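Here the sequence shown stands for residues 1 to 301, numbered as in the UniProt record's numbering. Even for Gly, the Cβ is constructed at its ideal location relative to N, Cα and C. Being a predicted model, the structure only gives us computed values, none of them experimental.
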Amino acid sequence: MNQVAFIGLGNMGSPMAANLIKAGCTLRVFDLNQVAMATLAKLGATACESIEQAVQGVDTVITMLPAGEHVRSVYLGDHQGNAGLLTLLAPKTLLIDSSTIDPQSAKTVAAEAQKQGLEFVDAPVSGGVAGAQAGTLTFIVGGTQAAFDKAQIILQYMGKNIFHAGGAGDGQMAKICNNLMLGILMSGTCEALSLGIDNGLDPKVLSNIMLQSSGRNWALELYNPCPGVMENAPASKQYQPGFTSRLMVKDLGLGLDAASQSHSSVPMGALARNLFAFHNAAGNSELDFSSLFQFYAKQTR
Ligand code: NAD
1 MNQVAFIGLG
11 NMGSPMAANL
21 IKAGCTLRVF
31 DLNQVAMATL
41 AKLGATACES
51 IEQAVQGVDT
61 VITMLPAGEH
71 VRSVYLGDHQ
81 GNAGLLTLLA
91 PKTLLIDSST
101 IDPQSAKTVA
111 AEAQKQGLEF
121 VDAPVSGGVA
131 GAQAGTLTFI
141 VGGTQAAFDK
151 AQIILQYMGK
161 NIFHAGGAGD
171 GQMAKICNNL
181 MLGILMSGTC
191 EALSLGIDNG
201 LDPKVLSNIM
211 LQSSGRNWAL
221 ELYNPCPGVM
231 ENAPASKQYQ
241 PGFTSRLMVK
251 DLGLGLDAAS
261 QSHSSVPMGA
271 LARNLFAFHN
281 AAGNSELDFS
291 SLFQFYAKQT
301 R
């Protein structure tokens, strides 16, 4: 099981695909971005001109696309006459979508795949670009036990922790809960650091104190949003993504949509979504999401 088509070679997909090549998989790749394909071709992948070409002869397809509309059109086809990839595959081909999308789209694709005799799992990831490069991603999988068992064999080349969240769409639901929390934690981390700086504290010293105290969290520990505190964080590289602020607004929106369907209260998530949306409207959507730190700096300094 190592003839793989990889579709979507962005910030996450490119390093994930590179790890599959390192693990000895034969890779056929497709992206709308020619530069991304050329980079993977140099590592040994076959760059393809279309999805149809990319999926020829493969036993596994992995997609890493921005949002639900891209996933639905790639798998199910679109109104411009492009056939969905579900119609192009041999029975029993394993389909893994690692994009973060709404659970309903994942369930729809899974049901359509089943009708064609194909196995589909939603397998969104956590761990960011650094985790994708290091092959230490967390995969959060939704699908049947049989499909999960099969998917695990290939996911282990790209990740360290592989969880079976439940049936189709449940991987997405768990991922959405995680990112709702991440958006809230990043906002809070930006806010606390800005408050300290405005009151004369050194952000490095303050970060170290909070890392050993009850404010410790993933954003503070691995992704400090204040420039100069953490050498390899996007904040110290002019907020080059990483995970764009655009995608964070998408994920917080998925959380709000899910909450409205389940009649859940998500006031913190709603506030975080509005903060990031406001930040994006000021022209920051393609910066890393930790650039929200600048929103606080602009307000107070
Ligand atoms: P990205 O925007 O960098 O990459 C998406 C890629 O998909 C682009 O290269 C784009 O050209 C390609 N694409 C779009 N439509 C296509 C189509 N029809 N056919 C082929 N290629 C197409 O996004 P990313 O940061 O790599 O994120 C991908 C997914 O992973 C998103 O759903 C995101 O929410 C999720 N995610 C991202 C991170 C992160 O840190 N960046 C972390 C966890 C999860």
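Between the CA atoms of D59 and N19 - distance to the nearest angstrom
Within the sequence shown, the letter at position 19 stands for residue 19. Within the sequence shown, the letter at position 59 stands for residue 59. Between N19 and D59, the C-alpha separation is close to 18 Å.
The beta strand (DSSP E) spanning N217 covers which residue range?
Walking along the sequence shown from the start, residue 217 turns up at place 217. Looking at the DSSP string, N217 is not in any beta strand (DSSP E), and its letter there is neither H nor E.
What do you get for I184, buried or exposed, if any count of 16 or more other CB atoms within 10 angstroms of its CB means buried?
The sequence position of residue 184 within the sequence shown is 184, counting from 1. Per the 10 Å Cβ criterion, buried.
Does the Cβ of P15 lie closer than 7 Å to at least one heavy atom of ligand 1?
For the purposes of this step, residue 15 is taken as residue 15 along the sequence shown, with counting starting at 1. Every heavy atom of ligand 1 is 7 Å or more from the Cβ of P15, so no.
Which stretch, first to last residue, makes up the alpha helix (DSSP H) that contains Q148?
Counting from one through the sequence shown, the residue named residue 148 turns up at place 148. With the sequence shown as reference, residue 148 is identified as Phe, and Gln is not the correct amino acid for it. Run containing F148: Q145 to L155, per the alpha helix (DSSP H) assignment.
Measuring only the C-alpha atoms, how far is A41 from G135?
To locate residue 41, count along the sequence shown from 1; it is residue 41. To locate residue 135, count along the sequence shown from 1; it is residue 135. In a straight line, the C-alpha of A41 is about 19 Å away from that of G135.
Quick one: measure Cβ to Cβ for A270 and L256, integer angstroms, because I've assumed they're closer than 8 Å.
Locating residue 270 in the sequence shown gives position 270, counting from the first residue. Locating residue 256 in the sequence shown gives position 256, counting from the first residue. Their Cβ separation, rounded to whole angstroms, is 6 Å, which keeps A270 and L256 in contact under 8 Å.
Touching or not, the segment 259-268 and the segment 215-225, by the rule of three or more beta carbon pairs under 8 Å?
no
Any heavy atom of ligand 1 closer than 7 Å to the CB of V249?
The sequence position of residue 249 within the sequence shown is 249, counting from 1. Result no, Cβ not under 7 Å from ligand 1.
When you compare only the Cα positions, how much space is there between G196 and L211?
Stepping through the sequence shown from its first residue, residue 196 is reached at position 196. Stepping through the sequence shown from its first residue, residue 211 is reached at position 211. G196 and L211: Cα-Cα distance of roughly 14 Å.
For K92, does the three-state DSSP call read helix, strand or coil?
Locating residue 92 in the sequence shown gives position 92, counting from the first residue. Note: K92 maps to coil in three-state DSSP.
Do you know how far the Cα of T100 is from the Cα of E231?
Stepping through the sequence shown from its first residue, residue 231 is reached at position 231. Stepping through the sequence shown from its first residue, residue 100 is reached at position 100. So the two alpha carbons sit approximately 28 Å from each other.
Roughly how far, in whole angstroms, is the beta-carbon of S187 from the beta-carbon of A272, given that I think they are within contact range, below 8 Å?
As a working mapping, residue 187 is identified with position 187 in the sequence shown. As a working mapping, residue 272 is identified with position 272 in the sequence shown. Confirmed, Cβ separation roughly 5 Å.
Specify, as a first and last residue, the run of the alpha helix (DSSP H) that V55 falls within.
As a working note, residue 55 is residue 55 in the sequence shown. Looking at the DSSP string, V55 is not in any alpha helix (DSSP H), and its letter there is neither H nor E.
Three Cβ pairs or more, each shorter than 8 Å: is that satisfied between the segment 66-83 and the segment 91-100?
yes
Excluding the 5 residues preceding and the 5 following R216 in the sequence, name in chain order all residues of the same chain whose CB lies nearer than 8 Å to its CB.
Locating residue 216 in the sequence shown gives position 216, where the first residue counts as 1. Once the five neighbours on either side are set aside, the close Cβ partners of R216 are M210.
What residue does the beta strand (DSSP E) around N161 start on, and which one ends it?
Mapped onto the sequence shown, residue 161 falls at position 161. First-last of the beta strand (DSSP E) with N161: G159 to G166.
Cβ of V129 within 7 Å of any heavy atom in ligand 1?
Indexing the sequence shown from 1 puts residue 129 at position 129. Result yes, Cβ under 7 Å from ligand 1.
Tell me whether I7, by its Cβ, gets closer than 7 Å to a heavy atom of ligand 1.
Taking the sequence shown and counting its residues from 1, one reaches residue 7 at position 7. I7 Cβ: within cutoff of ligand 1.
Span of the beta strand (DSSP E) holding A5?
Translated into the one-based positions of the sequence shown, residue 5 becomes position 5. Where A5 is concerned, the enclosing beta strand (DSSP E) stretches over Q3 to I7.
Could you pull the DSSP bridge partners for V126 from this structure?
Working through the sequence shown from its first residue, we reach residue 126 at position 126. First, the amino acid is wrong: residue 126 is Ser here, not Val. S126 pairs with T138.
N179, buried or exposed, once every other Cβ within 10 Å from all chains shown has been counted against 16:
Within the sequence shown, numbered from 1, the residue matching residue 179 stands at position 179. N179 comes out buried.
F148 to Q104, Cα distance in whole Å?
Taking the sequence shown and counting its residues from 1, one reaches residue 148 at position 148. Taking the sequence shown and counting its residues from 1, one reaches residue 104 at position 104. Each residue's Cα considered, the two are about 19 Å apart.
The segment 2-10 touching the segment 127-143, judged by at least three CB pairs closer than 8 Å:
no
Quick check on the DSSP output: the alpha helix (DSSP H) that includes V74 runs from which residue to which?
As a working mapping, residue 74 is identified with position 74 in the sequence shown. Start and end: G68 to L76.
Nearest to V141 (by Cα), restricted to the options I153, Q133 and G131:
Working through the sequence shown from its first residue, we reach residue 141 at position 141. Cα-wise, what sits closest to V141 is I153.
Could you give the C-beta distance for D251 and Q172, rounded to a whole number, given that I count them as a contact under 8 Å?
Position 251 of the sequence shown, counted from the start, is the residue given in the question as residue 251. Position 172 of the sequence shown, counted from the start, is the residue given in the question as residue 172. Contact flag wrong, Cβ pair sits at about 10 Å.
Quick one: give me the first and last residue of the alpha helix (DSSP H) that L275 is part of.
For this step, residue 275 is matched to residue 275 along the sequence shown. P267 to H279 is the span of the alpha helix (DSSP H), which, as asked, contains L275.
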